[in-house]
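Trainee: In terms of this note's numbering, the sequence shown is residues 820 to 1310.
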Amino acid sequence: MGSNSALLSKIATNGGHGENLAYFDGWKAYDRNPFHPTQNPEGVIQMGLAENQLSLDLIEEWIRKNPKASICTAEGVEEFKNVANFQDYYGFPDFRKAIANFMSKARGGRVTFDPDRVVMAGGATGANELLMFCLADPGDAFLVPSPYYPAFYRDLGWRTGVKIVPVDCDSSNNFQVTRAALEAAYEKARNNNINIKGLIITNPSNPLGTTLDRDTLTSLVKFINDKNIHLVCDEIYSGTVFSSPTFTCVSEVMQDVKNFNRDLIHIVYSLSKDMGVPGLRVGIVYSYNDAVVNCGRKMSSFGLVSSQTQHLLSAMLLDDVFVSNFLKTSSKRLARRHEVFTTGLKEVGINCLKSNAGLYCWMDLRKLLKGQTFEAEMVLWRVIINEVKLNVSPGSSFRCVEPGWFRVCFANMDEHTVEVALKRIRAFVGVQGNKKSNNADQVFVKSPNKKRSQNDLRLSFPATKRYEEVMSPHIMSPHSPMPHSPLLRAN
Ligand SMILES: Cc1ncc(COP(=O)(O)O)c(C=O)c1O
820 MGSNSALLSK IATNGGHGEN LAYFDGWKAY DRNPFHPTQN PEGVIQMGLA
870 ENQLSLDLIE EWIRKNPKAS ICTAEGVEEF KNVANFQDYY GFPDFRKAIA
920 NFMSKARGGR VTFDPDRVVM AGGATGANEL LMFCLADPGD AFLVPSPYYP
970 AFYRDLGWRT GVKIVPVDCD SSNNFQVTRA ALEAAYEKAR NNNINIKGLI
1020 ITNPSNPLGT TLDRDTLTSL VKFINDKNIH LVCDEIYSGT VFSSPTFTCV
1070 SEVMQDVKNF NRDLIHIVYS LSKDMGVPGL RVGIVYSYND AVVNCGRKMS
1120 SFGLVSSQTQ HLLSAMLLDD VFVSNFLKTS SKRLARRHEV FTTGLKEVGI
1170 NCLKSNAGLY CWMDLRKLLK GQTFEAEMVL WRVIINEVKL NVSPGSSFRC
1220 VEPGWFRVCF ANMDEHTVEV ALKRIRAFVG VQGNKKSNNA DQVFVKSPNK
1270 KRSQNDLRLS FPATKRYEEV MSPHIMSPHS PMPHSPLLRA N
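1) Please tell me whether ARG1201 and PRO1026 are closer than 7 Å, where the distance is taken between their beta carbons.
2) How about GLY1168 and GLY942: are their beta carbons less than 7 Å apart?
3) Decide if LEU826 is buried, meaning its Cβ has at least 16 other Cβ atoms within 10 Å, or exposed.
4) Evaluate GLY1095 with the Cβ neighbour count: other Cβ atoms within 10 Å of its Cβ, from every protein chain shown; 16 or more gives buried, anything less gives exposed.
5) Go ahead and label LEU1187 buried or exposed: buried means 16 or more other beta carbons lie within 10 angstroms of its beta carbon, across all protein chains shown.
6) Per DSSP, ARG1226 is paired with what?
7) Where ALA919 and PRO912 are concerned, what is the direct C-alpha to C-alpha distance, given to the nearest angstrom?
8) Which residues in the same chain have their Cβ closer than 7 Å to the Cβ of ALA940, if we skip the five residues on either side of it in sequence?
9) Along the alpha helix (DSSP H) that carries THR1037, what are the first and last residues, could you check?
10) Output the distance between the C-alpha atoms of SER965 and LEU1031, rounded to the nearest integer angstrom.
11) If you follow the alpha helix (DSSP H) that ALA1134 is part of, which residue opens it and which one closes it?
12) Taking the alpha-carbon positions, what's the PHE932 to ASP1109 distance?
13) Can you find at least 3 beta carbon pairs, one from the stretch 1197-1215 and one from the stretch 1122-1135, that sit closer than 8 Å?
14) Could you name the residues of the same chain whose beta carbon sits closer than 7 Å to that of THR892, not counting the 5 residues immediately before and after it, in chain order?
15) Could you work out which residue in GLY1249, VAL1069, GLY976 is closest to ARG1033 when comparing CA atoms only?
16) For GLY895, which residues from the same chain have a beta carbon less than 7 Å from its beta carbon, with the 5 sequence-adjacent residues on both sides left out?
17) In whole angstroms, what separates the C-alpha of CYS988 from that of ASP956?
18) Would you mind working out which of ARG1081, THR1035, SER991 sits nearest LEU1001, comparing C-alpha positions?
19) Could you tell me the distance, in whole angstroms, from the CA atom of ARG929 to the CA atom of SER1024?
20) Per DSSP, TYR1105 forms a beta bridge with which residues?
21) Across which residues does DSSP place GLY1017 in a beta bridge pair?
22) Could you check where the beta strand (DSSP E) with PRO985 kicks off and where it finishes?
23) Locate the alpha helix (DSSP H) running through HIS1235, then write down its first and last residues.
24) Where does GLN872 sit, in a helix, a strand or coil, going by DSSP?
25) Strictly by DSSP, which residues pair up with GLN865?
26) Which residues in the same chain as SER1091 place their Cβ atom closer than 7 Å to its Cβ, once the five residues preceding and following it in sequence are excluded?
27) Rounding to the nearest angstrom, what Cα-Cα distance links ALA1259 and GLU1238 in this structure?
28) Taking 6 Å as the cut-off, is the C-beta of ASP1053 nearer than that to any heavy atom in ligand 1?
29) Check this for me: beta carbons of GLY867 and TRP846, under 7 Å apart or not?
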């Protein structure tokens, strides 16, 4: 491998993919031993994947009812030749219209989008990279409020050479980004001779599951305008909002703010989350800047959406009744799943940041840490992966500045799997606080995979200790499961 990599380019081997992050490690643990309700019930449950599987049945139903929209059916094959032969980086006009229509519907019809500003890309991944390519040179940087989507390292920077400058946000104000934090990050970067070309925000946020309020968005638009830098709004979760407040899109705010440069504003969107179809690789850039639309179109040759997919989606997303029903039902189902999951966590004393969007929650496990360090976070994370067998993602991989937060996805599985996951969590963390001893720091840990006698094992700590303080890393290695700990005793 070593000598082989010497044959590759520096850029290909510079580690810019970011695959050494714990976020991807967790996926590997899942791949080695994936949970299956009957074939592998003891396996790792994948809770690290922000995937929406809750409403795919509605899409399947529409496809069955509309066989003409697919070119690989007896009813639709007549269009095969025209569709399969199409290769134009503008995309089908109906496809761009359909996407603009869907984006508007996902925002409650409060804004409309011009199909001629829709530029195709391979998912939001391709869209984000396309924008970086158009807006920044290698070595330039974008401000990114933290915690942020781990794959931004790859998407924004690997091939383009664009750097990320984090804007630190923390739980003191529910991780909201402030003008002061933006100014501080901007000034610090400038003092280090880093050329800031823009700010990229994910709204609704991944990993927080929160939406930016109108005032905050307005202040961001003013900030980038004052600095004459770009604002990229990754709105991939805009239709994945399931409770109040409603989502405010940057385009709505643009209607309010006076005297600013519209050329600085760009939206990234994709159907991967809102429709749950990441495999179709439908991403778009919507830019208010004509030059970016023009340049982006040329770039989109590298990530065109297949014309077969464009053809199918044109028909589906221009069906207003379907779209309205889909968005409403999806939101209801997500709300229910979120409720079931967060209530289950609350029952064992685990809180999540209050959220109204996304396919995950931002779980607060700070009180289970030995100390407020990222080493302690990793120790806890390894226990969750290896012993509890849940692939959750540690906050450090989102570059969270506070240790102890974890992102847990809840929409990529069926109800049964959610129940199994909650059962494992319940078994892992019991009641906080021992009524008898009044020891508020007692934590109960059970191994979910052992027989009855071992199942009731309990780990108890002195009030000042957290659990991994009493477990050396080697005790917690995958080769040495928890019941071997001398500190465990039968309950
Ligand atoms: C914030 C954010 N941007 C972009 C992406 C990439 O999405 P896509 O599958 O459309 O490339 C994701 C996927 O998780 C995401 O969460």
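Quick reminder that beta carbons are idealized off the backbone N, C-alpha and C, glycines included. Being a predicted model, the structure only gives us computed values, none of them experimental.
Mentor: If we stick to the structure as given:
1) No, they are not a contact pair.
2) No, the Cβ-Cβ distance between GLY1168 and GLY942 is not below 7 Å.
3) LEU826 is exposed by the Cβ-count criterion.
4) The residue is buried, with at least 16 neighbouring Cβ atoms inside 10 Å.
5) The residue in question, LEU1187, is buried, as its Cβ has 16 or more Cβ neighbours within 10 Å.
6) DSSP lists TRP1181, SER1212 as partners of ARG1226.
7) Rounded to whole angstroms, the gap between the alpha carbons of ALA919 and PRO912 is 11 Å.
8) Contacts found: ALA946, LEU949, GLY1102, ILE1103, VAL1104, SER1119, GLY1122.
9) Here the alpha helix (DSSP H) through THR1037 covers 1033-1046.
10) Their Cα atoms are separated by approximately 14 Å.
11) For ALA1134, the enclosing alpha helix (DSSP H) begins and ends at 1126-1136.
12) Their backbone Cα atoms lie some 14 Å apart in a straight line.
13) Too few Cβ pairs lie closer than 8 Å, so no.
14) Correct list, in chain order: PRO886.
15) The shortest Cα separation from ARG1033 among GLY1249, VAL1069, GLY976 belongs to VAL1069.
16) Apart from sequence neighbours up to five positions away, the residues of its chain that approach GLY895 with a beta-carbon distance below 7 Å are PRO886, LYS887, ALA888, SER889, ordered along the chain.
17) Rounded to whole angstroms, CYS988 to ASP956 spans 27 Å at the Cα level.
18) The option with the nearest alpha carbon to LEU1001 is THR1035.
19) Using only the alpha carbons, I get a separation of about 20 Å.
20) When DSSP reads this structure, TYR1105 sits in a beta bridge with VAL937, ILE1086.
21) Paired residues: PHE961, HIS1049.
22) Residue range 982-986 is occupied by the beta strand (DSSP E) that includes PRO985.
23) For HIS1235, the uninterrupted alpha helix (DSSP H) segment begins and ends at 1234-1247.
24) Residue state, collapsed to three classes: coil.
25) GLN865 is bridged to ASN1210.
26) Listed in chain order, the non-local C-beta contacts of SER1091 below 7 Å within the same chain comprise GLY942, ALA943, ILE1055, PRO1097, local neighbours out to five positions each way being set aside.
27) Reliability fails at ALA1259, whose pLDDT of 36 lies under 50, so the model's placement of it is uncertain and the value that follows must be treated cautiously. Going by the C-alpha atoms only, they are around 27 Å apart.
28) Correct: ASP1053 has its Cβ closer than 6 Å to ligand 1.
29) Inclusion of GLY867 and TRP846 in the CB contact set at 7 Å is warranted, their separation being smaller than that value.
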